[in-house]
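Peer 1: The structure is given below, and queries will be raised subsequently.
In the numbering used here, the protein residues as written are 5 to 97.
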């Protein structure tokens with residue numbers, strides 16, 4: 005399934021799209037906003053920042069209470085983050 009990808013308009017904000025079971029739920033202007041929104045939406049006790057980052061960068065799906073969540077961002081943002089992870093020898097967040 006090909007999910008819509010947003011386009012970053014500046015270097016400060018990196019847009020994130022949140023999908024629940026394949027349906028777009030919300031477009032956020034940053035990863036931090038997406039984490040805050042998802043914490044309230046899913047009633048998690050902690051920020052799901054790591055799940056969002058792994059979803060964006062590594063295309064992982066986050067399963068929470070029987071629902072699957074996917075995340076997309078601008079391909080240029082993803083490429084830059086992958087290069088940064090490679091330089092730091094990180095495999096995942």
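Ideal Cβ positions, reconstructed from N, Cα and C, are used throughout, including at glycine.
Spell out the partners DSSP gives residue 30 in its beta bridges.
Peer 2: Beta-bridge pairing links residue 30 to 22.
Peer 1: CB-CB under 6 Å to residue 42, same chain, minus the five flanking residues each way: which ones, in chain order?
Peer 2: 52
Peer 1: Would you decide whether residue 18 is buried or exposed? Buried here means 16 or more other CB atoms lie within 10 Å of its CB.
Peer 2: buried
Peer 1: Whose C-beta lies closer than 7 Å to the C-beta of residue 74 among residues of the same chain, with five residues either side of it excluded?
Peer 2: 7, 23, 59, 65
Peer 1: At the level of alpha carbons, what is the spacing between residue 4 and residue 45?
Peer 2: The chain is shown from 5 up to 97; residue 4 falls before or after that span and cannot be answered.
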